[in-house]
Each structure stands twice: as structure tokens, then as C-alpha cells.
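Using this note's numbering, read the sequence shown as starting at 11 and increasing by one per residue.
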Amino acid sequence: MRCRRLGFTLIEVLVAILVLSVGIIPLVGTSAGVTRMIGRGRMETLAAQAASSRMEVLRLAAEATSPRCSDPAFASGGPVTSGGMTESWLVPPAGTLRQIRVSVTYSTVRGPRAAVLETALTC
């Protein structure tokens with residue numbers, strides 16, 4: 011009578027490693043992509059916040075004087091660089107309805123990207 015040993019054979023272990031690696035390798039690639047997307051989303055969020063903040067400063071400058079829009083701070087400006095982002099803004103010098111454009115540019119691995127905010131203010 012032969013006694014059967016408990017455990018796994020070498021072939022069974024190799025097949026198990028192959029099956030696991032076929033499942034794990036795509037997960038590693040996916041996690042790298044997710045990490046890049048999170049970083050890109052973070053930069054886009056920071057750029058949008060900077061543009062929104064600059065737009066609010068311009069809006070407050072427009073409303074701070076009587077007649078409206080006569081504050082010297084309510085004018086085109088930039089580029090201003092801070093935290094790896096460059097802000098610039100365009101305010102038309104005259105008119106009762108002014109189209110304001112704020113642009114925040116930042117660098118990525120694939121080149122520069124920009125977050126742009128536009129609005130119209132009544133003066």
C-alpha cells in the first residue's frame with residue numbers, strides 16, 4: 011500500500027502562479043493610470059480654484075467703486091506665476107457689458123494645459 015503525501019505538486023504551484031499573474035499584471039497597469047488621473051484632476055481643480063478666485067477679485071473690484079468698474083484694480087493683468095500655475099486675465103477697458111476672461115495655465119507631462127473662465131459683468 012502506498013502512502014499519499016499531502017501538499018501541492020510543483021506543476022500545481024506553477025499553474026497557480028500563472029493564473030494569479032495573469033490577473034494581477036493588468037491591475038498594476040490600471041492602478042498606475044488611476045494615479046495619473048488623480049494627479050491630473052488635482053491640478054485641474056487647483057487651476058479652476060485659482061481662476062475662480064481671480065474672477066471674484068475682479069468682480070469685487072468692479073463693484074467697489076461708484077460708478078462701477080472705475081477701480082484701477084478692475085483691469086487686464088498678468089501673467090502672475092504662483093505654485094506652478096500662471097494666471098492672466100483680460101478685462102475690456104470700456105463698455106456697459108464687459109466680457110472678462112481669466113486663464114490659468116499649468117504644465118503637465120504632455121505639455122501645458124489651461125483652465126479658462128469667462129463671464130460678463132455689467133458696468
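Don't be surprised by glycine CBs; every beta carbon is placed ideally from N, CA and C.
Through-space distance from residue j to residue i, alpha-carbon basis
i    : j    : result
F18  : V29  : 15 Å
A124 : S113 : 6 Å
S76  : T118 : 43 Å
L24  : M47  : 35 Å
P103 : A85  : 7 Å
T129 : A58  : 14 Å
L68  : D81  : 10 Å
G121 : E54  : 14 Å
P36  : R15  : 36 Å
G43  : A83  : 43 Å
G39  : T45  : 10 Å
Exposure label - residue i; buried when at least 16 CB within 10 Å
i    : result
M95  : buried
E22  : exposed
L107 : exposed
A74  : exposed
I110 : buried
V101 : buried
E66  : exposed
R64  : buried
A60  : buried
A26  : exposed
L131 : buried
DSSP beta-bridge partners of residue i
i    : result
R108 : L131
A125 : V114
V90  : E97
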